[in-house]
Structure formats: C-alpha cells, structure tokens
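Asker: Following this message is one structure expressed as structure tokens.
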Amino acid sequence: MPAESLVTLICEMYDSRREARDYLEYWLEPNPDKALEEYKETVHKLFFLPSGGTRKSPSATELKRLQKNFSTLCYDSEKELDLAIWTAEQEYEWILGREGKANTSIPKLMKRIATLRGEMEVSCLEHRFELRISRLEELAKELERNPPVKRRRGWRSWRW
Numbered sequence: 008m009p010a011e012s013l014v015t016l017i018c019e020m021y022d023s024r025r026e027a028r029d030y031l032e033y034w035l036e037p038n039p040d041k042a043l044e045e046y047k048e049t050v051h052k053l054f055f056l057p058s059g060g061t062r063k064s065p066s067a068t069e070l071k072r073l074q075k076n077f078s079t080l081c082y083d084s085e086k087e088l089d090l091a092i093w094t095a096e097q098e099y100e101w102i103l104g105r106e107g108k109a110n111t112s113i114p115k116l117m118k119r120i121a122t123l124r125g126e127m128e129v130s131c132l133e134h135r136f137e138l139r140i141s142r143l144e145e146l147a148k149e150l151e152r153n154p155p156v157k158r159r160r161g162w163r164s165w166r167w
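Under the numbering used here, the first residue of the sequence shown is numbered 8, with each subsequent residue one higher.
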C-alpha cells in the first residue's frame, strides 16, 4: 500500500475503534506499568462507585474484555496475572460490601482463584504471586464459612 493509504487507514482505525486507539497510543510510547495502573483503575470502577459504594453487579463480559485487551496490549505474563489477581481482590472487596448477595458470588470467586492458581503455575510465577493468591484464598474460604449478614435498614434495626 502507498504511504498515504496507510496513513488514511490508521486514522480511520483510530477514529472508529476505541481498542485501536488505545493500542496505537500505547505503542507510540509503550509503558506497561502505566497501562497496568490504568486497567486496574478501570476494573475498580466496574466494581465500585466513585463515592465508594458497591455497584449492583459488574459485567463479566466487560471484565473479560478488559483482560483480553490488556493481554494484547502488554505481552508480559507477570503483568497480566497481576491484573487478574487485582480483579479477584476487587471482587472479594465487592462481595464484602454487598453483604446479603455473598452466597451467590463466593463460588464464582473460589473458581476464579483456582484458575489464577493454575495460571500462576503455568507461568512459573509462584515466587511472585503465591502470597497474594494464598491470602485471597484464605479470606475467601473464611467468607464462605461466615458470609456477611445483611444489615437491616431503618429505625427498627437500631439496638438500644
């Protein structure tokens, strides 16, 4: 293709698709640490409101899309696993904030932790992430044994 056609094609891609724009901007000045922090912030926003409260339900499709976009953007398996563990940690915090909805979310979290453990072993990153995953697994098991009780609202729930 002639150079003018390539420039036109790249400009059209940049304008039409957010993923293409992110990819092109990243590769102009690649900084995987900055990209990781931006994706962590985006994951946090999927689980929590700016005021600190929990969102109703994070989109599993959106979480998978973020993971996939990050893995195509940054080819570092350590950073990919770091983002995946961050997502599980945010899910744990979200479950704690949801109180009465924990019963349905805890098995999903346990399954995610088992998947993370497998990914960690395949990537040979046990030395880097074993403590975080073990800690999260223990917290999730404790949460499974003693799920948070939904607090009642209103004046009748007050104890004198």
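For glycine and all other residues, C-beta sits at the position ideal for the given N, C-alpha and C.
Of the choices Ala95, Val129 and Glu32, whose alpha-carbon is the least far from that of Glu145?
Answerer: The option with the nearest alpha carbon to Glu145 is Ala95.
Asker: Taking the CB atoms as reference points, tell me whether Trp101 and Phe54 lie closer together than 8 Å.
Answerer: Taking a C-beta distance under 8 Å as the contact criterion, Trp101 and Phe54 qualify as a contact pair.
Asker: Tell me Thr61's beta-bridge partners as DSSP assigns them.
Answerer: Its beta-bridge partners are Phe55.
Asker: Looking at the secondary structure, which residues open and close the alpha helix (DSSP H) in which Met20 lies?
Answerer: Ala10 to Ser23
Asker: Look at the alpha carbon of Leu116 and the alpha carbon of Ile17, and state the distance between them as a whole number of angstroms.
Answerer: 40 Å
Asker: Excluding sequence positions up to five away, which residues of its chain have a Cβ less than 7 Å from the Cβ of Ala147?
Answerer: Tyr99, Ile113, Leu116, Met117 and Ile120
Asker: Could you please give the first and the last residue of the uninterrupted alpha helix (DSSP H) stretch that includes Tyr99?
Answerer: Ser84 to Arg105
Asker: What residue from Ala42, Arg152 and Met20 has the CA that sits closest to Phe77's CA?
Answerer: Ala42
Asker: Note down, in chain order, each residue of its chain lying with its Cβ closer than 7 Å to the Cβ of Glu26, except the 5 sequence neighbours on either side.
Answerer: Asn76
Asker: Write down the C-beta distance between Glu126 and Leu88 rounded to the nearest angstrom, noting that I regard them as a contact closer than 8 Å.
Answerer: 6 Å
Asker: Short of 6 Å in beta carbon distance, which residues of its chain neighbour Cys81, apart from the five on each side in sequence? Order them along the chain.
Answerer: Taken in chain order, the residues that qualify are Pro39 and Ala42.
Asker: Report the three-state DSSP secondary structure of Asn153 (helix, strand or coil).
Answerer: coil
Asker: Hey, how far is the Cα of Gly59 from the Cα of Tyr30?
Answerer: C-alpha separation (whole angstroms): 30 Å.
Asker: Would DSSP call Ser112 helix, strand or coil?
Answerer: helix
Asker: Given a threshold of 16 other Cβ atoms within 10 Å of its Cβ, counted over all protein chains shown, does Ala91 qualify as buried or as exposed?
Answerer: So Ala91 counts as buried.
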